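Asks: Which chain is which? The protein sequence lines are S and F, in order.
Numbering of the first sequence is given in numbering that gives the first Met the number 0, commencing with residue 0 and proceeding in unit increments.
Numbering of the second sequence is given in numbering that gives the first Met the number 0, commencing with residue 0 and proceeding in unit increments.
Yeah, the Cβ is synthetic: ideal placement off N, Cα and C, and Gly gets one too.
Model, not experiment: these values are computed from the prediction.
2 protein chains.
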Amino acid sequence: MKAISRKEEIITTAARLFNEKGYKAVSMRDIATAMDIKAASLYNHINGKQEILSEIILKVAEEFTKGMTNVVAENSSAIKKVEKVIELHIDITVNHSDALAALNNDWMHLEETDLKAFVKMREDYEENFRRIIKQGIEAGEIKPYHPEVILFSILSTLRTLYLWYQKRGKLDVNILKKDMVSVLIKGIV
Amino acid sequence: MKAISRKEEIITTAARLFNEKGYKAVSMRDIATAMDIKAASLYNHINGKQEILSEIILKVAEEFTKGMTNVVAENSSAIKKVEKVIELHIDITVNHSDALAALNNDWMHLEETDLKAFVKMREDYEENFRRIIKQGIEAGEIKPYHPEVILFSILSTLRTLYLWYQKRGKLDVNILKKDMVSVLIKGIV
DNA sequence: AATTCTAACTAACAAGCGTTAGTTTTGTTA
DNA sequence: TAACAAAACTAACGCTTGTTAGTTAGAATT
Numbered sequence: 000m001k002a003i004s005r006k007e008e009i010i011t012t013a014a015r016l017f018n019e020k021g022y023k024a025v026s027m028r029d030i031a032t033a034m035d036i037k038a039a040s041l042y043n044h045i046n047g048k049q050e051i052l053s054e055i056i057l058k059v060a061e062e063f064t065k066g067m068t069n070v071v072a073e074n075s076s077a078i079k080k081v082e083k084v085i086e087l088h089i090d091i092t093v094n095h096s097d098a099l100a101a102l103n104n105d106w107m108h109l110e111e112t113d114l115k116a117f118v119k120m121r122e123d124y125e126e127n128f129r130r131i132i133k134q135g136i137e138a139g140e141i142k143p144y145h146p147e148v149i150l151f152s153i154l155s156t157l158r159t160l161y162l163w164y165q166k167r168g169k170l171d172v173n174i175l176k177k178d179m180v181s182v183l184i185k186g187i188v
Numbered sequence: 000m001k002a003i004s005r006k007e008e009i010i011t012t013a014a015r016l017f018n019e020k021g022y023k024a025v026s027m028r029d030i031a032t033a034m035d036i037k038a039a040s041l042y043n044h045i046n047g048k049q050e051i052l053s054e055i056i057l058k059v060a061e062e063f064t065k066g067m068t069n070v071v072a073e074n075s076s077a078i079k080k081v082e083k084v085i086e087l088h089i090d091i092t093v094n095h096s097d098a099l100a101a102l103n104n105d106w107m108h109l110e111e112t113d114l115k116a117f118v119k120m121r122e123d124y125e126e127n128f129r130r131i132i133k134q135g136i137e138a139g140e141i142k143p144y145h146p147e148v149i150l151f152s153i154l155s156t157l158r159t160l161y162l163w164y165q166k167r168g169k170l171d172v173n174i175l176k177k178d179m180v181s182v183l184i185k186g187i188v
C-alpha cells in the first residue's frame with residue numbers, strides 16, 4: 000500500500016546523478032530538471048542538499064552495520080562469517096548501487112554530526128571484520144598472512160563491486176555470490 | 000639541477016587538495032591560499048583549472064600504459080606478468096598517491112579530448128590485463144575461475160591501494176610488494 | 001460550497017565560482 | 001645601475017550556486 004513518496008523520489012534521482020558526477024558537481028537545478036520541476040519546488044519535500052546526501056549515505060551505512068552485527072552474533076566458523084559478509088555486500092550492491100557510489104566517494108561532504116556518525120560506523124565495521132579474520136587465523140582456518148592485507152584486499156574488492164555491477168548488465172545474484180566467494184576465499188584458506 | 004617549477008608546485012598542491020575533497024569541491028582560491036598567493040596569480044603559470052586536472056591524471060595514466068606495455072612485451076609466464084603488474088601499481092602508488100585519487104574519482108571531469116584519451120587508455124589497460132589472465136588459465140598456471148572475476152578482484156584492490164597506503168604511514172615498499180603478491184596471487188594459482 | 005493541504009510556480013538574494021585585464025613588486029642579467 | 005622578465009598583486013566580470021519568500025493551481029476534506 001505504501002506508495003513511494005515524493006521525497007524518496009528526489010533522493011533516488013539525486014543518488015543516480017551523484018553516482019554519475021559526484022555530489023559537488025550536481026546542482027539542485029540538475030536534480031529538479033531530472034524530475035521535470037523547478038529547483039525551488041524541491042524544498043517542499045526536503046530541507047536542503049545536505050539532507051539528501053546524508054539520507055542516501057547513512058541509510059545504507061546503517062544497513063551495513065546491521066548486517067555486520069548479525070554476522071558477528073552468528074555461532075559459526077570464521078570462514079563462514081567471511082562468506083556471510085561477502086553476501087551482505089553483494090545484496091546491498093544489487094539493491095543500492097547508486098547509494099554506494101555516494102558512500103564511497105562523497106562521504107567527506109557530510110556535515111559535522113553526520114560525518115562523525117559515518118566515520119564511527121565505518122571504523123566499527125572494519126574492526127569487526129578485522130577481528131573475524133584474526134580469529135580465523137588463530138583457529139587455523141585462514142592462512143597466516145598479515146591480517147591487514149587480507150582485510151584490505153577483500154574489502155576493497157567488495158567496496159568497488161558496485162562499479163563492476165553497473166558496467167556488466169545486472170547479472171544473476173546467486174552466480175555472482177558463488178564466484179565472488181570462490182575467488183576471495185579460496186586464496187586465503 | 001632541474002628545480003621544481005612553480006607550475007609543478009601548483010599541480011602538486013592541487014593534487015593534494017583534490018585528494019581530500021575532490022576536484023569540484025576545490026576552488027582556485029583554495030589552491031592559491033594553500034600556496035600563500037592570490038588566485039589570479041596562478042594564471043601566470045597555468046591556463047586554467049582543467050589543465051591542472053588533466054596534467055595530474057594523464058601523466059600518471061601514461062605511466063600505467065607504459066608500464067603495462069613493458070609487461071606485455073616480456074617473455075615470461077602469465078603469473079610472472081601478473082606479479083609485475085602488481086609491482087607496477089605499488090610503485091606508482093608510492094610515488095603518486097594523490098594523483099591516483101584524482102585518477103580514480105575525478106576522471107569524469109576531464110573535458111572532451113582528454114576524457115576520450117583517458118577512457119581509451121583505461122580500456123586498453125584492462126584488456127591487456129584480461130589477456131594475461133586468460134593466457135594464464137589456458138596455460139594451466141591460473142585456476143579456471145571466470146577471468147572477469149579474477150581481473151576485477153585484483154584490479155579493484157590495486158586501484159584503491161592508495162587509500163590504504165595513505166592511512167597506514169608510509170611502509171616499506173619491498174615488504175608491501177611481497178605481502179601483496181602473496182595474497183593476490185596465491186588465491187588464484 | 002467553503003476550507004485546508006499539497007505541490008508546484010516565479011522572482012530574487014547573497015555568496016562563491018573560474019577567469020581576465022591591467023598594474024606593481026621582485027629578482028636577475030647586461 | 002638600467003633594463004627586462006617573472007610572478008605577484010588589485011579589481012572586477014559574468015555566471016552558477018543553494019536557498020528563501022510569496023503566490024497559485026488543483027485535490028482532498030469538512
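Between which residues of its own chain and F:Ala33 is the CB-CB distance below 7 Å, once the five residues before and five after are set aside?
Replies: Closer than 7 Å at the Cβ level, and outside the excluded window around F:Ala33, lie Thr12, Leu16.
Asks: Relative to the alpha-carbon of S:Met67, which residue among S:Asn173, S:Asp123, S:Ser75 has its alpha-carbon at the smallest distance?
Replies: The residue with the shortest Cα to Cα distance from S:Met67 is S:Asp123.
Asks: At the level of alpha carbons, what is the spacing between S:Ser76 and S:Ile131?
Replies: Taking the straight line from one Cα to the other gives about 9 Å.
Asks: Given a cut-off of 7 Å on the beta-carbon distance, is the pair S:Asp178 and F:His44 in contact?
Replies: In this structure, F:His44 does not lie closer than 7 Å to S:Asp178 by Cβ.
Asks: I need the boundaries of the alpha helix (DSSP H) containing F:Lys115, first residue and last residue.
Replies: Its alpha helix (DSSP H) spans residues 111-137.
Asks: Is DSSP giving S:Val59 helix, strand or coil here?
Replies: DSSP places S:Val59 in helix when its eight states are reduced to three.
Asks: Between F:Asn104 and chain S, is the shortest Cβ-Cβ distance under 7 Å, so that the two count as touching?
Replies: Output row for F:Asn104: interface = yes.
Asks: Taking 7 Å as the CB-CB cut-off, is S:Ser53 touching chain F?
Replies: No, because no Cβ of chain F sits closer than 7 Å to the Cβ of S:Ser53.
Asks: From the DSSP output, in three-state form, read off F:His44 for me.
Replies: F:His44 falls in the coil class under three-state DSSP.
Asks: Relative to the alpha-carbon of F:Met120, which residue among F:Glu61, F:Glu7, F:Leu41, F:Ile141 has its alpha-carbon at the smallest distance?
Replies: When each option's Cα is compared against that of F:Met120, the closest is F:Glu61.
Asks: Name the residue from F:Ser155, F:Gly47, F:Asn74, F:His88 whose alpha carbon lies nearest to the alpha carbon of F:Asp64.
Replies: It should be pointed out that residue 64 of chain F corresponds to Thr in this sequence rather than to Asp. Selected option, being the one with the closest Cα: F:His88.
Asks: Tell whether a beta-carbon distance below 7 Å holds between F:Glu126 and F:Ile78.
Replies: No, Cβ-Cβ distance for F:Glu126 and F:Ile78 is not below 7 Å.
Asks: Figure out for me which residue from S:Ala72, S:Lys185, S:Val172, S:Glu111 has the closest Cα to the Cα of S:Phe128.
Replies: Residue S:Ala72 is the option with its Cα nearest to S:Phe128.
Asks: Can you say whether S:Tyr42 is buried or exposed, counting buried as having 16 or more other CB atoms within 10 angstroms of its CB?
Replies: Its Cβ having fewer than 16 others within 10 Å, S:Tyr42 is exposed.
Asks: Could you work out which residues of chain S lie near F:Ile91, taking near to mean beta carbons separated by less than 7 Å?
Replies: Within chain S, no residue comes near F:Ile91; the closest Cβ sits about 16 Å away, beyond 7 Å.
Asks: Give the residues from the region 164-181 of chain F that approach chain S closer than 8 Å (Cβ to any Cβ), ordered along the chain.
Replies: So the close ones are Arg167, Asp178, Met179, Ser181.
Asks: For the alpha helix (DSSP H) containing S:Thr11, name the first residue and the last one.
Replies: 5-20 is the extent of the alpha helix (DSSP H) around S:Thr11.
Asks: Can you give me the Cβ contacts of S:Asn103 inside the same chain, cut-off strictly under 7 Å, excluding the 5 residues immediately before and after it?
Replies: Excluding sequence neighbours, S:Asn103 sits near Arg158.
Asks: Which residues of chain S have a Cβ atom closer than 9 Å to the Cβ of F:Lys48, listed in chain order?
Replies: Those do not exist, as F:Lys48 stays about 13 Å from chain S at its closest Cβ, beyond 9 Å.
Asks: Return the first residue and the last residue of the alpha helix (DSSP H) that F:His88 is part of.
Replies: Start and end: 77-94.
Asks: CB F:Ala101 to CB F:Ile30, shorter than 7 Å?
Replies: No, these two residues do not count as a Cβ contact at 7 Å.
Asks: Is it buried or exposed for S:Ala98, if we count other Cβ within 10 angstroms and need 16 for buried?
Replies: Label assigned to S:Ala98: buried.
Asks: Locate the alpha helix (DSSP H) running through F:Ile184, then write down its first and last residues.
Replies: Start and end: 172-185.
Asks: Cβ closer than 9 Å: which chain S residues qualify as neighbours of F:Met107?
Replies: Result: Glu19, Lys20, Gly21, Ala24.
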